[in-house]
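Residue numbers (our numbering): 45 to 278. Note that beta-carbon positions come from the ideal geometry of N, C-alpha and C, so glycine has one too.
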């Protein structure tokens, strides 16, 4: 069932070690088939060197395993909530990449200090609050998803314009039009986090890039008047 979906998700997961976004098994990618409402996700705790396409687990939007001989990722419930609340996304990735996770552990947004950031994210990448003890006890992974969804709504952040977030004391979640696109966002996030960290080391008094410069770089790649690339925004 959905063999091509499992193949794509396997390939997307294998990009995480390729781009140095994971250590051991600290990450997962999923991709959803919107027609069926079923997504494929990496199995929990299986080493990347041992993974095969057929190991990907199929899950529905109620969190039920539809097909698979392994347990799905422990973060599956978070992916479920993101897919339910963000209808235009097709892939989700979670990592503990070191620079992005350092910002998450510090409890800080990643400010937009330059055009690399502005090309991909419209404004700072938000660091959300830590879950309460009650939220953790009641359903840690599901409530992580609720937190992301509710905070983006509360803060008025467009999930398409900012395809990444940091969960305080935890790490980053990113999303995109499919699994590979979500990984692309995770790679960009890690580089942006690294640049911002170094930027503040070089100049502790640095200010965010001017809004007009952020607007120029974001909108030349996104939206109706985008002109970057060949035949549309990339």
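Quick check on DSSP: helix, strand or coil for residue i?
i, result
"residue 146", "helix"
"residue 91", "coil"
"residue 205", "coil"
"residue 107", "coil"
"residue 116", "strand"
"residue 124", "helix"
Taking DSSP's pairing of strands, which residues face residue i in a bridge?
i, result
"residue 169", "154"
"residue 72", "138"
"residue 211", "172 and 215"
"residue 191", "Note: residue 191 sits in no beta bridge, so no partner."
"residue 101", "85"
Report back the beta-carbon spacing between residue i and residue j to the nearest angstrom; my notes put them in contact at under 8 Å.
i, j, result
"residue 141", "residue 226", "About 13 Å; that fails the 8 Å criterion."
"residue 169", "residue 257", "Not quite, the Cβ-Cβ distance comes to about 17 Å (not below 8 Å), so this is no contact."
"residue 130", "residue 63", "That belief does not hold up - the Cβ atoms of residue 130 and residue 63 are roughly 23 Å apart, past 8 Å."
"residue 134", "residue 76", "6 Å"
"residue 217", "residue 161", "Not a contact, Cβ separation roughly 18 Å."
Taking 8 Å as the cut-off, decide whether the C-beta atoms of residue i and residue j are in contact.
i, j, result
"residue 82", "residue 123", "no"
"residue 56", "residue 236", "no"
"residue 115", "residue 87", "yes"
"residue 167", "residue 136", "no"
Take residue i and list the residues in its own chain whose beta-carbon comes closer than 6 Å to its own, dropping the five residues that flank it on each side.
i, result
"residue 80", "none"
Who are the Cβ neighbours of residue i in its own chain at under 7 Å, not counting the five residues just before and after it?
i, result
"residue 190", "125"
"residue 132", "204"
Take residue i and list the residues in its own chain whose beta-carbon comes closer than 8 Å to its own, dropping the five residues that flank it on each side.
i, result
"residue 148", "171, 210, 211, 212, 213, 214, 215 and 216"
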